[in-house]
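Visitor: Under this note's numbering, residues 249 to 341 are what the sequence shown spells out, in order.
We treat Cβ as the ideally placed atom computed from N, Cα and C, and that holds for glycine.
Note that the structure is a prediction, hence the values are computed from the model and not measured.
Let me begin by handing over the structure; questions about it come next.
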Amino acid sequence: MHVTWRLFATLGEAAGDNEVSVDVSGDPTVATAIEALFEAYPAVAEEARDDEQGVYEHVRTLHDGEDVEEPLQSEREVTRGDELALFPPVSGG
């Protein structure tokens with residue numbers, strides 16, 4: 249199944265686009281969708297993954313507008329048309 253990710257700020261820059269699609273086999277979960285994203289876009293993984301291969305705490309993962317804690321372990325099911333987003337902290341003044 250094709251899963252679309254919305255990527256913000258430096259993560260979108262790393263991917264070369266603010267919206268990318270990846271293929272996820274089987275019954276997609278947030279964990280398998282983010283792994284597929286990191287595999288297809290290594291520069292995004294470099295920006296978002298911590299030294300222990302988790303996702304940095306300051307990088308937020310959203311599934312249909314809800315924050316997903318520990319996305320690489322999430323068994324939350326992803327279905328066609330769901331909105332997935334990944335974004336780093338935003339600063340400004």
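Throw me the rounded Cβ distance for the P276 and V326 pair, which I believe falls under 8 Å.
Guide: What you label residue 276 is simply residue 28 of the sequence shown in a count that begins at 1. What you label residue 326 is simply residue 78 of the sequence shown in a count that begins at 1. At roughly 4 Å, the Cβ-Cβ gap stays under 8 Å, so P276 and V326 are in contact.
Visitor: Go through its chain and collect everything with a Cβ distance to P319's Cβ below 8 Å, but skip five positions before and after it.
Guide: Counting from one through the sequence shown, the residue named residue 319 turns up at place 71. Answer for P319: V278, A279, I282, V303, T309, listed in chain order.
Visitor: Put A288 into one of helix, strand or coil per three-state DSSP.
Guide: As a working mapping, residue 288 is identified with position 40 in the sequence shown. It is helical.
Visitor: Looking at the unbroken beta strand (DSSP E) that takes in L255, where does it start and where does it end?
Guide: Within the sequence shown, the letter at position 7 stands for residue 255. First-last of the beta strand (DSSP E) with L255: 250 to 255.
Visitor: According to the neighbour-count rule (16 or more other Cβ atoms, all chains shown, within 10 Å of its Cβ), is H250 buried or exposed?
Guide: Residue numbering aside, residue 250 sits at position 2 when the sequence shown is read from its first letter. With fewer than 16 Cβ atoms within 10 Å of its Cβ, H250 is classed as exposed.
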